[in-house]
Each structure stands twice: as C-alpha cells, then as structure tokens.
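Taken in sequence, the protein lines are chains A and B. Residue 451 is where the first sequence ends in the numbering used here, and the numbering goes up by one at each step. Residue 451 is where the second sequence ends in the numbering used here, and the numbering goes up by one at each step. We put the beta carbon where it would ideally sit given N, CA and C, even for glycine. Let me begin by presenting the structure, written as structure tokens, before commenting on it.
2 protein chains.
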Amino acid sequence: MSEVQSETAAGPEERDVTELVLQDILTGMLPAGTWLKQIDLERRYDCTRPEVRRALDRLSQKRLVAHVPNRGYHVYQPDDRRAKEVGDIRVILETAVADMMVANATADSIATLRGLAKYFDEMTLTGTILEHYEANLAFHRELLLLGGNQELVDLVSEIRQRTSSAPVSQWRTRARIEKSGREHHMMIDALEAGDAEELKRLIAQHIRQPADAPK
Amino acid sequence: MSEVQSETAAGPEERDVTELVLQDILTGMLPAGTWLKQIDLERRYDCTRPEVRRALDRLSQKRLVAHVPNRGYHVYQPDDRRAKEVGDIRVILETAVADMMVANATADSIATLRGLAKYFDEMTLTGTILEHYEANLAFHRELLLLGGNQELVDLVSEIRQRTSSAPVSQWRTRARIEKSGREHHMMIDALEAGDAEELKRLIAQHIRQPADAPK
DNA sequence: GTTACCAATATTGGCGCCAATTTAGGATAC
DNA sequence: GTATCCTAAATTGGCGCCAATATTGGTAAC
Numbered sequence: 237m238s239e240v241q242s243e244t245a246a247g248p249e250e251r252d253v254t255e256l257v258l259q260d261i262l263t264g265m266l267p268a269g270t271w272l273k274q275i276d277l278e279r280r281y282d283c284t285r286p287e288v289r290r291a292l293d294r295l296s297q298k299r300l301v302a303h304v305p306n307r308g309y310h311v312y313q314p315d316d317r318r319a320k321e322v323g324d325i326r327v328i329l330e331t332a333v334a335d336m337m338v339a340n341a342t343a344d345s346i347a348t349l350r351g352l353a354k355y356f357d358e359m360t361l362t363g364t365i366l367e368h369y370e371a372n373l374a375f376h377r378e379l380l381l382l383g384g385n386q387e388l389v390d391l392v393s394e395i396r397q398r399t400s401s402a403p404v405s406q407w408r409t410r411a412r413i414e415k416s417g418r419e420h421h422m423m424i425d426a427l428e429a430g431d432a433e434e435l436k437r438l439i440a441q442h443i444r445q446p447a448d449a450p451k
Numbered sequence: 237m238s239e240v241q242s243e244t245a246a247g248p249e250e251r252d253v254t255e256l257v258l259q260d261i262l263t264g265m266l267p268a269g270t271w272l273k274q275i276d277l278e279r280r281y282d283c284t285r286p287e288v289r290r291a292l293d294r295l296s297q298k299r300l301v302a303h304v305p306n307r308g309y310h311v312y313q314p315d316d317r318r319a320k321e322v323g324d325i326r327v328i329l330e331t332a333v334a335d336m337m338v339a340n341a342t343a344d345s346i347a348t349l350r351g352l353a354k355y356f357d358e359m360t361l362t363g364t365i366l367e368h369y370e371a372n373l374a375f376h377r378e379l380l381l382l383g384g385n386q387e388l389v390d391l392v393s394e395i396r397q398r399t400s401s402a403p404v405s406q407w408r409t410r411a412r413i414e415k416s417g418r419e420h421h422m423m424i425d426a427l428e429a430g431d432a433e434e435l436k437r438l439i440a441q442h443i444r445q446p447a448d449a450p451k
C-alpha cells in the first residue's frame, strides 16, 4: 500500500484498538474537536469496522469522545468547569487516604517510589510523550496503592483520563514538568518523615497546578 | 408467540437495552453468577444480537458483568473487599462536600429534599423494588447536587452501581429500610440547622450500614 | 459400574453488506 | 451576483450470516 500507515499499527502483537485511540487522544495526536471518521480509524489502526465501532462506543461511555447520532464521534472539547471539578474530586480522593499511605509506607515501598520518581525524571528528557505520561501514572498509582484501597486506585486512574482530552500537550512548559518531578520527591520525603499533613498539602498543590496542568 | 415475554420489553417506547439489563441486575432478577446468554437476552428484551452485544460490552466496562472469552458473560459475584472499598470511597466523596452542601442549602432545595425523602418513604410501601431504588437515588443526587460539583454527582451515581450486584434485594429487612428513611429526614434536619459535622456523621453512618446494606 | 473418549449441538464472536441520513457541490432562477 | 433548491457522494449504523470454540450427551472400553 502506498498510503501512510500509523506506526502504532505495526506493533509486535495485536493490541486493543480502544487503547490505541485513547493514547492518541491523550498524547494530542488527535486534538480536541477532531471528527473520528470510522473509515479513517479503520485504516489508521489497520482494523475492522466493528472494532472501530466498539472502541468509539467505549470511549464515548468514558466520555472521552462525544457521539452525535448520524453525524459521528468527535474528541471532547475540554470544559473548564469539568476540569476544575475533576481536579477537586482528585484532591478529595487522593488526600483522603494520605494518613493510610503514611501508616502503610515501608522502606521497600519508598524505594520503589523513588525509582518511579527517578524514572519519571528520566522520561522528561529521553522518553516519548506517552512514556512520560505513563511514568507519571505509574508513580501515582504506586503512591495511591499505599492507601490500601484498590478500588480507589482504579477510580483515580479512570477519572484522570476524564479531562485529559487536551492535557498532556499542556505539559509543554519544561518548568512545570520539572516542578512536578521535584514535587514527586517531596511527597516521598513527607511520606518517609511520616508527615501526613505535609503530604496532603503537597498532593493538593500538585494536582491543582495553575490552569489544570499536569500532575 | 407462545413464549413468555418480559414485560419490560413491552414498554411504551424502545428503551436502551443496556439500561434494561442493568435494572434487572440491580433488582436481583438476574442474580449474581447468572450466565447471560446472548440468545436469551435477545428474546427476553426483544432486541437484536448486536444490541445485546453492545449492552454486554458496556456492562463489562462498568464491571457489572464479567467476560470470559469464548465462554460468555456472567453477572459479577459480589466481592466483600470491593464492597467495603466502594463504601469507603462513597464516604470520602459524600462527606467531603458536606460543608458546601450546608453553605448552598436554600429553603427551596430543602423543600425539594423533603419531598424526595417523603417519596422514598411512600415507595417503601407502595412502589416496586426499582421505583424504590430510583427514589433513593433521586434523593441522594439532589442532596449531592448542593455540593456544587456536577462531576461528583455523576461519579457517585456511577460507583454506586459498582457493587450493587446483589444489593438491592438486601433491602429486604423492613427495619433497615425504615431506618434509611428516617436517616434521610435527619440529614435534612442537619442541613437545615447548618450543622455540617452532624451531616457528615449521618452520611457516613448511612452508607456504612452493617454488611454494606442500602444507603 | 465407572471412566475416558468422541461426536453432535449450542454458543460465541468476527466480518461485510446495504439501507437511512447527512453533507457538499452545482445548477438554476430571481 | 446571490440565494435557494436539488441531486450525488460519503458516512453512519443496523442486521444477519458463518466459522471457531466450548459443552454436553452418548458410547465403548476397561
């Protein structure tokens, strides 16, 4: 074929189309407002029509894309109000288990967190935008895991995607990214020191970056 | 046709199959562990195969049913750990906005809540199990709405379904239901009195009924 | 009498076709 | 020259068929 194939399609094994579209939305390859024509996606990800439709249906359930009957699906336009509200929810959930995190922290878990924070910093320099996003996710998942509530970990991962429609590209400012990296280490410090209040303060500040920035 | 048709299928207008299956799971018509054969659902709800499949896919995304490849879908077995964790999350979220609820409460909103609480009590006596469930939902939605965070309202409605796999039928004990009804009114009282702390206490107690009972 | 194997049946799930609706472009009338 | 209507292309979305796989029941062998 002479037409351009997405490199994601040439992956080693067959991966779920939903994941692929999700990643491309998160990384900004499919900007907010883009109409997701089924035939385009079919070719882009080298998959069948039903697969495309299942992916679009799932993403619209997650409210990452909007569905207009007989018109099609398009990437959600970021909504300031929603972004703020989701940020608030995240602050509520993630600070709520700070005491538990301090209580459950062990030398092992702190070492793991240090590693993940370091990996995030490395990805800032050398990684792709997706790797960077996932490194960030991994750190926060591991941190939340100390809260002892598996459902909460999953829930936060879920709602985190909810306003990430345009977000990851907002990480552009290097200053902000580096600040995020430093904050990760400060959180681990607070955890190590057993200072739950400081940890809560850091988490809240980390989430509420000006203009719903990264995390 | 001589075979038995579900009365839900004979509804006034065509409703979404996903909703219908969801309701039947919530009301206990489809008990936990039941295998949801596509051909059965097709006949039960008088719909087509693709509709059934879309519904099953959506419900498995919501983790209300489990999908075993080449075996089919079955209603999730309630999990004690998950039930507890979801309960904890709900306590976190719903108590977190208690201050806002008190701050935003008006004479109008309190009157509306009284009406909904009263309606819940009526449904205890005269309504179907589904009407009762929805009356409860309506009350809590209206209450949460005072928190001023629309996303949070939707999120709670969502996770509320997450462990409701067997739950609504657990409302059997009349004593518990009546206790729930009374608690609704006590919450409104606390709201009216501007006592946020008491409201938080009531909400937490209301959610954490022994053995993850109603709400 | 019990167990293991095999065949028949039933169920899942992938895939493509076609009708319905929308959109865009062109031609005609004013 | 501009606006409106009509026709043609494109896109969505509903529906059914068929192959792949699991399950069940029967049969034969030990």
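Which residues DSSP lists as bridging residue i, in chain order
{"i": "Gly308 (chain A)", "result": "A:Val304"}
Where residue i falls, given that 16 or more other Cβ within 10 Å makes a residue buried
{"i": "Ser401 (chain B)", "result": "Confidence in Ser401 (chain B) is poor, its pLDDT being 46 and thus under 50, which makes the residue's placement too unreliable to answer from."}
{"i": "Arg398 (chain B)", "result": "buried"}
{"i": "Asp252 (chain A)", "result": "exposed"}
{"i": "Ala426 (chain B)", "result": "buried"}
{"i": "Ala339 (chain A)", "result": "exposed"}
{"i": "Glu387 (chain B)", "result": "buried"}
{"i": "Asp344 (chain B)", "result": "exposed"}
{"i": "Val389 (chain B)", "result": "buried"}
{"i": "Val304 (chain A)", "result": "exposed"}
{"i": "Glu433 (chain A)", "result": "exposed"}
{"i": "Gly430 (chain A)", "result": "exposed"}
{"i": "Ala347 (chain A)", "result": "exposed"}
{"i": "Leu438 (chain A)", "result": "buried"}
{"i": "Glu255 (chain B)", "result": "exposed"}
{"i": "Asn372 (chain B)", "result": "buried"}
{"i": "Arg307 (chain A)", "result": "exposed"}
{"i": "Leu329 (chain A)", "result": "buried"}
{"i": "Leu361 (chain A)", "result": "exposed"}
{"i": "Lys451 (chain B)", "result": "Any answer about Lys451 (chain B) is weak, because its pLDDT of 45 lies below 50 and its placement is not dependable; what the coordinates show is given next. Answer is buried; the Cβ neighbour count reaches 16."}
{"i": "Glu321 (chain B)", "result": "buried"}
Residue i to residue j span [Cα, whole Å]
{"i": "Glu367 (chain A)", "j": "Met336 (chain B)", "result": "38 Å"}
{"i": "Ala268 (chain B)", "j": "Tyr309 (chain B)", "result": "11 Å"}
{"i": "Arg317 (chain A)", "j": "Asp276 (chain B)", "result": "43 Å"}
{"i": "Asp282 (chain B)", "j": "Lys354 (chain A)", "result": "56 Å"}
{"i": "Arg294 (chain A)", "j": "Gly351 (chain B)", "result": "37 Å"}
{"i": "Leu391 (chain B)", "j": "Asp324 (chain A)", "result": "12 Å"}
{"i": "Glu370 (chain B)", "j": "Asp260 (chain A)", "result": "38 Å"}
{"i": "Leu380 (chain A)", "j": "Gly417 (chain B)", "result": "35 Å"}
{"i": "Ala411 (chain B)", "j": "Val301 (chain A)", "result": "45 Å"}
{"i": "Arg285 (chain A)", "j": "Glu278 (chain A)", "result": "6 Å"}
{"i": "Val333 (chain B)", "j": "Leu349 (chain B)", "result": "17 Å"}
{"i": "Asp315 (chain B)", "j": "Thr409 (chain A)", "result": "44 Å"}
{"i": "Thr331 (chain A)", "j": "Glu358 (chain A)", "result": "27 Å"}
{"i": "Gly363 (chain B)", "j": "Phe356 (chain B)", "result": "9 Å"}
{"i": "Glu312 (chain B)", "j": "Arg299 (chain B)", "result": "The question names Glu, but residue 312 (chain B) is Tyr in the sequence shown. The alpha-carbon atoms of Tyr312 (chain B) and Arg299 (chain B) are separated by roughly 8 Å."}
{"i": "Glu378 (chain B)", "j": "Val288 (chain A)", "result": "37 Å"}
{"i": "His420 (chain A)", "j": "Asn385 (chain B)", "result": "28 Å"}
{"i": "Met423 (chain A)", "j": "Ala440 (chain A)", "result": "11 Å"}
{"i": "Ile413 (chain A)", "j": "Arg326 (chain A)", "result": "19 Å"}
{"i": "Leu266 (chain A)", "j": "Arg280 (chain A)", "result": "12 Å"}
{"i": "Val257 (chain A)", "j": "Lys415 (chain A)", "result": "29 Å"}
Coil, strand or helix - residue i by DSSP
{"i": "Leu272 (chain A)", "result": "strand"}
{"i": "Gln259 (chain A)", "result": "helix"}
{"i": "Gly417 (chain A)", "result": "helix"}
{"i": "Arg398 (chain A)", "result": "coil"}
{"i": "Leu266 (chain A)", "result": "coil"}
{"i": "Leu382 (chain B)", "result": "coil"}
{"i": "Arg317 (chain A)", "result": "helix"}
{"i": "Lys298 (chain B)", "result": "coil"}
{"i": "Arg444 (chain B)", "result": "coil"}
{"i": "Asp431 (chain A)", "result": "coil"}
{"i": "Thr254 (chain B)", "result": "helix"}
{"i": "Asp282 (chain B)", "result": "coil"}
Uninterrupted alpha helix (DSSP H) stretches inside the segment 320 to 372 of chain A (no shorter than 4 residues)
Complete alpha helix (DSSP H) runs here, min 4: 334 to 340 and 343 to 362.
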